[in-house]
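Participant: One structure, pasted below without further comment.
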Amino acid sequence: MATPADSPFVPKGEPRFDSGQSCGYKPSGAPEDCRKPGTWHVMWDRDPHDNSITCDEHMDLIQARWVYDDRHPVVADCTMPGALWSYPDKRCEFPSDEPALAVATTLKETR
816 MATPADSPFV PKGEPRFDSG QSCGYKPSGA PEDCRKPGTW HVMWDRDPHD
866 NSITCDEHMD LIQARWVYDD RHPVVADCTM PGALWSYPDK RCEFPSDEPA
916 LAVATTLKET R
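Numbers in our numbering are just positions in the sequence shown, counted from 1, shifted up by 815.
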């Protein structure tokens, strides 16, 4: 679904599954993503947990042009499969054991 031109939300591109921790900003018509090292992890909205990695330059652009739910500096856990966004701690965390994963999943579902 296209984002209306007058929307305060960022225009969304195709999902990226191989982004690693590089900036995923891609201006309209550009041949490829920015690909600079990512410094910020941005949660666009909580449902369906739409998020991306961006560099400092494009974080400035995001803050000037669009709204988002949350952000935090990129840490090693940010792109790990199974990592969870921790709003109170302003970071991503990877649960180290099954009970912690069960609690984190329950907390995530109640938001």
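Think of the CB as a built atom: it goes at the ideal place given N, C-alpha and C, for glycine as much as any other residue.
CB-CB under 7 Å to Arg906, same chain, minus the five flanking residues each way: which ones, in chain order?
Facilitator: As a first step, residue 906 is located in the sequence shown; it is residue number 91 there, counting from the start. Hits under 7 Å: His887, Val890.
Participant: In whole angstroms, what is the alpha-carbon distance linking Gly835 and Lys851?
Facilitator: In the sequence shown, counting from the first residue as 1, residue 835 sits at position 20. In the sequence shown, counting from the first residue as 1, residue 851 sits at position 36. Going by the C-alpha atoms only, they are around 11 Å apart.
Participant: Using only alpha-carbon positions, find the residue among Ser837, His873, Asp885, Trp859 that is nearest to Ser903.
Facilitator: The residue you call residue 903 lines up with position 88 of the sequence shown. It should be noted that the sequence gives Pro, not Ser, for residue 903. Of Ser837, His873, Asp885, Trp859, the residue nearest in Cα terms is Asp885.
Participant: Using the three-state DSSP reduction, which class does Arg880 fall into: helix, strand or coil?
Facilitator: The residue given as residue 880 occupies position 65 in the sequence shown. The answer is helix: DSSP assigns Arg880 an H, G or I state.
Participant: So for Glu908, helix, strand or coil by DSSP?
Facilitator: The residue given as residue 908 occupies position 93 in the sequence shown. Here Glu908 sits in strand by DSSP.
Participant: In angstroms with no decimal places, state the Cα-to-Cα distance between Trp900 and Glu908.
Facilitator: As a first step, residue 900 is located in the sequence shown; it is residue number 85 there, counting from the start. As a first step, residue 908 is located in the sequence shown; it is residue number 93 there, counting from the start. Looking at the two C-alpha atoms, the distance is approximately 6 Å.
Participant: For Asp871 and Asp865, what's the separation of their Cα atoms in angstroms?
Facilitator: Position 56 of the sequence shown, counting from 1, holds the residue named residue 871. Position 50 of the sequence shown, counting from 1, holds the residue named residue 865. Approximately 19 Å, taken between the alpha carbons.
Participant: How should Gly897 be labelled, buried or exposed, when 16 other C-beta atoms within 10 angstroms of its C-beta is the threshold for buried?
Facilitator: For the purposes of this step, residue 897 is taken as residue 82 along the sequence shown, with counting starting at 1. The residue in question, Gly897, is exposed, as its Cβ has fewer than 16 Cβ neighbours within 10 Å.
Participant: From this set, Val882, Cys893, Ser911, which residue's C-alpha is nearest Ile868's C-alpha?
Facilitator: Here residue 868 refers to the residue found at position 53 of the sequence shown. It is Cys893.
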